[in-house]
Amino acid sequence: MNIEIGEFLIAVSAGMVRSATPVLYATLGEIITERSGILNVGLEGIMLVGAFTGVAVTYNIHSIVLGLLAAMLVGLLMGLFHALLCVHFNANQVGTGIAMSIFGTGLSAYLGMDYVGKQINALGACKIPVLSDLPVIGPIFFSHDVLVYLTYLLVPLMAFIINRTRIGLTLRAVGEEPRAAAAAGVNVVQTRYLATAIGAALAGLGGAYLSLAYAQGWSENIAAGRGWIAVGLVLFASWSPFRALIGAYLFGGAISLQLRLQAAGLDVSPYLLGMLPYVLVIVVLSISTWRRKNAPSSVPTALGLPYIPQV
Amino acid sequence: MLSGHWQKLRRAGLYALGSLFAVILAFAITAVFLLLVGRDPVAVYTGIYQGAFGDSFSLSETLVAATPIMLCGLGVAIAQWLGMMNVGVEGQLYLGAIGATYVALHCPFSQSWQMLPLMLVAAAVCGAFWSFIPGLLKVTIGVSEVISTLLMNYVALLLVEFLIHGPWEDPNNVSWPQTAAFPACAELPHLFGTRVHLGIVFAIIIALLFAFLLPTTKIGFISRVIGSNPDAAEYAHYKVKRYQLWAMIISGAVAALAGFSQVSAIEGRLRSGLSPGYGYTGFLACWLARHNPIAVIIVSLLIGGLLSGADSLQLSAKLPFATVNILQGMIFFCLLASEQFINRLANSHIVVKDLKIENKKDPPSTVRGEA
Chain A
3 MNIEIGEFLI AVSAGMVRSA TPVLYATLGE IITERSGILN VGLEGIMLVG AFTGVAVTYN
63 IHSIVLGLLA AMLVGLLMGL FHALLCVHFN ANQVGTGIAM SIFGTGLSAY LGMDYVGKQI
123 NALGACKIPV LSDLPVIGPI FFSHDVLVYL TYLLVPLMAF IINRTRIGLT LRAVGEEPRA
183 AAAAGVNVVQ TRYLATAIGA ALAGLGGAYL SLAYAQGWSE NIAAGRGWIA VGLVLFASWS
243 PFRALIGAYL FGGAISLQLR LQAAGLDVSP YLLGMLPYVL VIVVLSISTW RRKNAPSSVP
303 TALGLPYIPQ V
Chain B
-14 MLSGHWQKLR RAGLYALGSL FAVILAFAIT AVFLLLVGRD PVAVYTGIYQ GAFGDSFSLS
46 ETLVAATPIM LCGLGVAIAQ WLGMMNVGVE GQLYLGAIGA TYVALHCPFS QSWQMLPLML
106 VAAAVCGAFW SFIPGLLKVT IGVSEVISTL LMNYVALLLV EFLIHGPWED PNNVSWPQTA
166 AFPACAELPH LFGTRVHLGI VFAIIIALLF AFLLPTTKIG FISRVIGSNP DAAEYAHYKV
226 KRYQLWAMII SGAVAALAGF SQVSAIEGRL RSGLSPGYGY TGFLACWLAR HNPIAVIIVS
286 LLIGGLLSGA DSLQLSAKLP FATVNILQGM IFFCLLASEQ FINRLANSHI VVKDLKIENK
346 KDPPSTVRGE A
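Residue numbers (the working numbering), protein chains in the order written: chain A, 3 to 313; chain B, -14 to 356.
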């Protein structure tokens, strides 16, 4: 009995890591974007278009690597467009994001019609030789695909770059005090464009992971709100990559647990179980906001505000 | 110098022109997209126009499609007046449908005139509850209402799925996920012998009510202060949070009426896919109308035409409905991009004092004097 429970928990945890990965990419991307002071809530649309692009390219060119790169490129372009509206047209950033989501949902659904149910050779698992043989930790963390392992490197790397390097300092300065940064010789406009483009490219990659590795195929609205979850997780993570990892694993854990419970034949409606991840994110976000209520705010000061250079 | 009235008119005209320009630009960009995917944009657009306003039947279908957009758009507007961004009207619509369905299926006196008012109240309460949660989280803790309302849309959809696959499943038709058909007295009256129903009357009454109340009453005045400058409202000891919470509650209740009228007048039962994104469309309509209740009604009529026109094309020209989402996204982009120019034009009569000159006049002599 105990062995069964242990196996169940390991399976849930392994699923957690996989389910968390697409959201984690989007969340990390959004952290970069928001640190520069641009709010991009259009991740849902970008992930969807990224997921579609990944499948379309992989199906036609038979190369997963190109599919992933194409998804990132499309995400990058959508990010540049978002930056154009926010930086040069001073558009309402929440509005632009919602427009991006509506647009991305429509575009991916339109172009993706011919790809529904198409077989693709998905991104396969590749066990890390020694580490995957470890008990418990091996199957949970080291028996996945390359993109999962990449997050293990990306999270500390991003934390290091943001907090310890000149690039990170520039990024933070632009998000906190754009005018001061400009006075110090930083190109605010360029930094914001770059940060939004890179962030959106990561969201595109997250979308492609969803279709190429997680679901292994395209279906309409495949992201199912993960873009919005990522935006919520950035708030939960208070713009820290490590906390984003925790948030993404919480969400992934809820998804994985729900799927495993269904597979185990638990007599609860799958639709009720399906609410678990969304409700969990709202609850977790509320708790973390409440706990930080009186703490000094970690919100980038200029977040969501247009940058008007002082003449 | 223009008088106040003329300035208001000029501003309204500029906003209307801006929205119009944004829509035209969006149609042009979407035409390029249609060309790229091998469609004839002229044929598509004339098809949409024919399907929307071509004859009396399509005109009535446009009104049918516009009704939920109006109610959702008004819901968004009510929250927006107090600075709350309610992106959860889609979910509140579904909750309204759930509330109405509960009464229609479970009400003991199901042969009487009490049915419809009860359904309406149940729908409004459910929708209000759905927007009360994010509203409360926002005013007490400070959780972003954009995120919480959006995530609750997904929960609402799953709730509908749960109900129609589970406890409320039609016992006579298990293969198709939906509830049993409503009794006859649960059907909202239709107008002029078409599918147009009383929902559109609700929408117009609500719009007129708010158009009248907002500029004339004290509550309306306080709401406008809170919406345009919450800090000033706080300073004036207005109960900002209480107002904002009530705005969310009313907003959800109004959006829920869309769900109520859809299940009651159009579907006659609860099923998933009840709304092809009316909530998001309503959000767009509200922004195009710049949160003006009367303008919401007009804009919704036009967008309703777009939806019903595209719906008819879906059947005749096999043009997928997703095209409408692309077009809607484009309209939204163009609108947001044009906003800056419109605002600049609308405020062009306001002369900004040159700060640099004032700075020069600032007496640095005192500093020197102290030294």
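Built from N, CA and C at the ideal position, the CB exists for glycine as well.
**Message:** By alpha-carbon positions, which one of A:Leu173, A:Lys295 and A:Ile122 ends up nearest to A:Asn189?
**Reply:** A:Leu173
**Message:** Counting only Cβ-Cβ distances shorter than 8 Å, please list the residues of the region 256 to 280 of chain A near chain B, keeping chain order.
**Reply:** Ser271, Tyr273, Leu274, Gly276, Met277 and Tyr280
**Message:** Based on DSSP bridge pairs, tell me the residues matched to A:Val118.
**Reply:** A:Trp220
**Asked** Name the residues in the region 298 to 313 of chain B whose C-beta lies less than 9 Å from a C-beta of chain A; which are they?
**Response** Pro305, Phe306, Ala307, Thr308, Val309, Asn310, Ile311, Leu312 and Gln313
**Request:** Kindly say whether B:Ala322, judged by its beta-carbon, lies nearer than 7 Å to any beta-carbon of chain A.
**Result:** yes
**Sheet register partners of B:Gln163 (DSSP bridge)** = B:Arg256
**Item:** B:Ser97, buried or exposed, once every other Cβ within 10 Å from all chains shown has been counted against 16
**Value:** exposed
**Asked** Is B:His(-10) helix, strand or coil when you go by DSSP?
**Response** helix
**Asked** Distance, Cα to Cα, A:Leu307 vs A:Ala127?
**Response** 43 Å
**Prompt:** Which same chain residues, not among the five before or five after B:Arg254, have their C-beta less than 8 Å away from its C-beta?
**Reply:** Thr86, Asp155, Gln163, Thr164, Ala165, Ala166, Phe167 and Val248
**Prompt:** So is A:Ala297 in contact with chain B if we call contact Cβ pairs under 7 Å?
**Reply:** no
**Asked** With burial defined as no fewer than 16 other Cβ atoms inside 10 Å of the residue's Cβ, what is the status of B:Trp115: buried or exposed?
**Response** buried
**Prompt:** Excluding sequence positions up to five away, which residues of its chain have a Cβ less than 8 Å from the Cβ of B:Ser246?
**Reply:** Thr52, Pro53, Leu56, Leu173, His182, Leu183, Gly184 and Phe187
**Request:** Can you tell me the Cβ-Cβ gap for B:Leu19 and B:Val29, rounded? I've got them flagged as a contact below 8 Å.
**Result:** 6 Å
**Request:** List the DSSP bridge partners of B:His222.
**Result:** Partner(s): none; B:His222 has no beta bridge.
**Message:** Output needed in chain order: residues of the region 100 to 118 of chain B with a Cβ under 7 Å from some Cβ in chain A.
**Reply:** none
**Prompt:** Would you call the CB atoms of A:Gly209 and A:Gly52 closer than 7 Å?
**Reply:** yes
**Residues from the region 67 to 93 of chain B in contact with chain A, defined by Cβ distance under 7 Å** = Met70 and Val72
**Item:** A:Ile310 versus A:Val191 - alpha carbon distance
**Value:** 10 Å
**Asked** Do you know offhand how far A:Val14's Cα is from A:Ser258's?
**Response** 6 Å
**Prompt:** What residues of chain B sit near A:Ile284, judged by a beta carbon separation below 9 Å?
**Reply:** Ile118, Pro119, Leu122, Val128, Ile132, Ser133, Leu136, Met137 and Val140
**Asked** For B:His91, does the three-state DSSP call read helix, strand or coil?
**Response** helix
**Item:** Coil, strand or helix - A:His84 by DSSP
**Value:** helix
**Asked** Nearest to A:Thr98 by alpha carbon, out of B:Gly258, B:Glu146, B:Leu194 and B:Gly314?
**Response** B:Gly314
**Request:** Check whether the Cβ atoms of A:Val236 and A:Thr29 lie closer than 7 Å to each other.
**Result:** yes
**Prompt:** With DSSP run on the structure shown, which of helix, strand or coil describes A:Glu178?
**Reply:** helix
**Request:** With B:Cys271 as the anchor, note down where its alpha helix (DSSP H) starts and where it stops.
**Result:** Tyr263 to Leu273
**Asked** Per DSSP, which one or two residues make a beta bridge with B:His379?
**Response** No answer is possible for residue 379 of chain B: the residues shown for chain B start at -14 and end at 356.
**Message:** Check this for me: beta carbons of B:Ile126 and A:Thr291, under 7 Å apart or not?
**Reply:** yes
**Selection from A:Val283, A:Arg262 and A:Leu275 that minimises the alpha carbon distance to A:Ile12** = A:Arg262
**Message:** Can you list, in chain order, the residues of its chain with a C-beta nearer than 7 Å to that of A:Val43? Leave out the 5 residues immediately preceding and following it.
**Reply:** Val96, Gly99, Ile100 and Val233
**Message:** Can you pull the chain A neighbours of B:Gln325, defined as C-beta to C-beta under 8 Å?
**Reply:** Phe91, Asn92 and Ala93
**Message:** Can you look up A:Thr303 in the DSSP assignment and give me helix, strand or coil?
**Reply:** coil
**Item:** Element boundaries [alpha helix (DSSP H), containing B:Lys203]
**Value:** Lys203 to Ser213
**Message:** For B:Glu146, would you say it is in contact with chain A, using Cβ-to-Cβ distances shorter than 7 Å as the test?
**Reply:** yes
**Prompt:** A:Ser240 touches chain B at which residues, Cβ-Cβ below 7 Å?
**Reply:** Near A:Ser240 there are no residues of chain B at all, since even the closest Cβ is about 13 Å away, more than 7 Å.
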